[in-house]
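Taking the numbering used here, the leading residue of the first sequence gets 30, the next gets one more, and so forth. Each residue gets a CB set at the ideal place from its N, CA and C atoms; glycine is no exception. Note that the structure is a prediction, hence the values are computed from the model and not measured.
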Amino acid sequence: MIQRPRGTRDFPPEEAHRRRAVREKMIDVMERWGYREVVTPTFEHLELFTLKSGEGVIEEIYSFKDKGGRDIALRPELTAPVMRMYVGELHSAPKPLRLYYFANCFRYERPQKGRFREFWQLGCELIGGRRSDSEAEVIAMADEVLRAVGIRGDIHIGYLGLIRSMLKKVPEAHRQSIMRLIDKKERDALRELLQSIGAEDLGIMELISLKGKGALDRAEELSAALSSVEISTEGAGSAHSSLEAACGESRREGARASARSGRSPESEMKLSDFREMLELLDAYGVDATVDFEIVRGLEYYTGTVFEIYASGLGAQNQICGGGSYELASLFGGSETFSTGFGLGFDRIMEVVGEVDPPIPPVVLAFTPDVKVDAIRIAKRLRNVSPVIIDVMGRSLSAQLKSASSINAEHVIIVGRRELDSGKLVLRNMTSGSQEELSIEAIEERLRSAFARTTK
RNA sequence: GCCGGGAUAGGGUAGUGGUCAUCCUGCGGGACUGUGGAUCCCUCGAGCCGGGUUCGAAUCCCGGUCCCGGCCCCA
Numbered sequence: 030m031i032q033r034p035r036g037t038r039d040f041p042p043e044e045a046h047r048r049r050a051v052r053e054k055m056i057d058v059m060e061r062w063g064y065r066e067v068v069t070p071t072f073e074h075l076e077l078f079t080l081k082s083g084e085g086v087i088e089e090i091y092s093f094k095d096k097g098g099r100d101i102a103l104r105p106e107l108t109a110p111v112m113r114m115y116v117g118e119l120h121s122a123p124k125p126l127r128l129y130y131f132a133n134c135f136r137y138e139r140p141q142k143g144r145f146r147e148f149w150q151l152g153c154e155l156i157g158g159r160r161s162d163s164e165a166e167v168i169a170m171a172d173e174v175l176r177a178v179g180i181r182g183d184i185h186i187g188y189l190g191l192i193r194s195m196l197k198k199v200p201e202a203h204r205q206s207i208m209r210l211i212d213k214k215e216r217d218a219l220r221e222l223l224q225s226i227g228a229e230d231l232g233i234m235e236l237i238s239l240k241g242k243g244a245l246d247r248a249e250e251l252s253a254a255l256s257s258v259e260i261s262t263e264g265a266g267s268a269h270s271s272l273e274a275a276c277g278e279s280r281r282e283g284a285r286a287s288a289r290s291g292r293s294p295e296s297e298m299k300l301s302d303f304r305e306m307l308e309l310l311d312a313y314g315v316d317a318t319v320d321f322e323i324v325r326g327l328e329y330y331t332g333t334v335f336e337i338y339a340s341g342l343g344a345q346n347q348i349c350g351g352g353s354y355e356l357a358s359l360f361g362g363s364e365t366f367s368t369g370f371g372l373g374f375d376r377i378m379e380v381v382g383e384v385d386p387p388i389p390p391v392v393l394a395f396t397p398d399v400k401v402d403a404i405r406i407a408k409r410l411r412n413v414s415p416v417i418i419d420v421m422g423r424s425l426s427a428q429l430k431s432a433s434s435i436n437a438e439h440v441i442i443v444g445r446r447e448l449d450s451g452k453l454v455l456r457n458m459t460s461g462s463q464e465e466l467s468i469e470a471i472e473e474r475l476r477s478a479f480a481r482t483t484k
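Now the structure itself:
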């Protein structure tokens with residue numbers, strides 16, 4: 030007996046049907062927003078992902094050498110592949126590009142509730158748009174995608190512009206740790222670190238505690254006050270360029286760093302962009318909480334970041350994350366503003382309720398002497414309904430018993446008598462009533478029954 | 001990678017260091033070679049893997065695998 034590999038799952042017919050029904054509802058929303066599906070390879074060069082997320086991710090990537098000695102990785106996510114595709118073959122397509130994907134991804138992690146080694150992500154990337162408009166659209170669409178399957182997520186939106194400005198006044202070496210501590214909500218450790226480097230007056234602690242209404246106004250005050258705050262450590266502002274040069278980073282690391290530092294400070298400073306985005310979001314009718322504690326811990330995010338939570342998932346309650354980022358230049362393209370989100374499909378499946386039941390099949394029962402006629406009839410009826418015929422050589426009564434056990438709604442009985450008279454028996458398994466009809470009439474009946482169940 | 005709880009027919013379970021193991025359900029067949037669901041009967045089907053202790057292990061011990069909850073992490 031061979032078991033499944035750890036962290037993988039089988040989906041029996043019922044579950045596979047549920048997943049497809051939910052997936053189609055969500056995809057339908059994105060199509061209606063004008064997004065088009067893209068499909069990328071299941072495996073990529075390992076480098077694609079280390080370039081985006083750093084060498085640290087190798088630990089959690091399924092990677093291997095192929096027979097040609099190449100370092101290959103099963104995709105752990107889809108933003109990098111999609112941006113790779115954009116840079117490689119779509120960079121001169123009319124902007125903006127609205128792309129979505131739904132695909133399985135792989136990560137070598139400890140499985141737990143809502144987390145598997147093979148999992149499915151659904152997401153979008155809006156490439157080449159204007160900041161506020163793009164961000165508002167993507168967040169509003171994420172909300173609608175979730176609502177389409179009956180989930181009202183708790184949306185938290187943060188903005189990295191201001192925190193990045195604050196961090197400009199802090200030595201380069203500490204910036205990443207500060208972001209990490211914020212992301213992990215470790216307030217005490219954060220406060221300690223800020224004090225130890227003399228950065229407690231920058232307003233970081235207050236900023237990240239700002240939530241909901243009024244948060245933005247206060248953030249603007251903090252922003253205005255920032256220019257007058259200086260911290261007295263060793264030339265923080267100029268430290269990073271020399272540090273970068275001195276570090277002897279690899280070519281790739283250097284490319285990553287310059288892609289980030291290449292952004293103009295002004296573009297990160299503008300809280301007015303964020304305010305505008307929130308106004309647009311309001312116009313979309315989306316209810317979200319401003320929360321400057323959302324920083325997503327990732328270096329390539331450039332502006333608005335957001336996370337959506339759902340209840341009922343234990344420790345893994347985040348079902349969606351996204352924001353604006355700059356990755357095109359990292360992959361060799363020109364700098365392009367992009368916004369996207371990724372949705373954890375498996376976690377969504379944990380919290381969605383009932384979905385449409387599958388269409389019940391029609392069973393065509395026959396007597397052995399007319400099997401070939403039954404097959405011809407079944408072939409014809411499959412144009413209007415799922416049709417099953419016996420392949421076990423069962424007696425008529427056993428065929429009916431079997432039809433009953435699979436909850437078939439109708440059974441059509443074909444025998445010598447029916448063929449001679451040209452009228453087949455259509456039996457309703459629920460009521461037990463049956464009538465004799467021509468095959469054309471049966472087609473009509475099934476057509477309308479089918480239309481009802483799929484409506 | 002860490003902590004804790006688990007693993008007995010397809011699903012759900014019982015039990016004991018001593019005859020290759022309980023019951024329910026399920027699958028297949030039959031009673032029923034042209035009308036299902038009920039009932040009855042028959043068949044099929046199991047102690048995660050490897051080692052150890054023992055006269056004897058599914059039971060006790062160790063290691064592994066997988067599952068569940070949590071930690072770390074979460075692009």
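In summary, F374 is buried, with 16 or more beta-carbon neighbours lying within 10 Å of its beta-carbon over all protein chains present. In summary, T459 is exposed, with fewer than 16 beta-carbon neighbours lying within 10 Å of its beta-carbon over all protein chains present. CA-to-CA, the gap between Q463 and M112 works out to about 59 Å.
As DSSP reads the structure, S477 sits in no beta bridge. Here L448 is not near I418, since their CB atoms are 7 Å or more apart. Assigned with DSSP and collapsed to three states, D316 falls in coil, not helix or strand. The C-beta distance from L309 to A248 rounds to 18 Å, too long to fall under 8 Å, and the pair is not in contact.
In the DSSP annotation of this structure, the continuous segment of the alpha helix (DSSP H) that includes R49 starts and ends at 42 to 61. The three-state secondary structure of T79, taken from DSSP, is helix.
Under the three-state reduction of DSSP, G179 is assigned to coil, being neither helix nor strand. Taking V116 as reference, the option from S367, Q428, K214 with the minimal CA-CA separation is S367. Taking a C-beta distance under 7 Å as the contact criterion, L455 and L466 qualify as a contact pair.
Each residue's CA atom was taken as its position, placing I441 and M378 some 36 Å apart.
Sixteen is the threshold: since fewer than 16 other Cβ atoms of the shown chains lie within 10 Å of the Cβ of I435, the residue is exposed. Cβ contact annotation for R48 (same chain, cutoff 7 Å, sequence separation greater than five): F40, M378, in chain order.
Taking the C-beta atoms as reference points, Y188 is found nearer than 7 Å to T333.
Residue Y137 holds the alpha-carbon nearest to the alpha-carbon of P105 among Y137, Y329, H203. Remark: three or more beta-carbon pairs, one from each stretch, lie closer than 8 Å, so the segment 344 to 355 and the segment 323 to 331 are flagged as touching. Taking every protein chain shown into account, the CB of M195 has 16 or more other CB atoms within 10 angstroms, so this residue is buried. Residue pairing by DSSP puts N133 in a beta bridge opposite W149. Separation of V199 and A228 (C-alpha to C-alpha, rounded to the nearest whole angstrom) is 7 Å. Out of S477, Y91, I406, the CA that lies nearest to the CA of F78 is found in Y91. Cα atoms of V86 and L80: separation of roughly 10 Å, rounded to the nearest angstrom.
Contact between T71 and L119 does not hold, since the beta-carbon distance rounds to 20 Å and is not under 8 Å.
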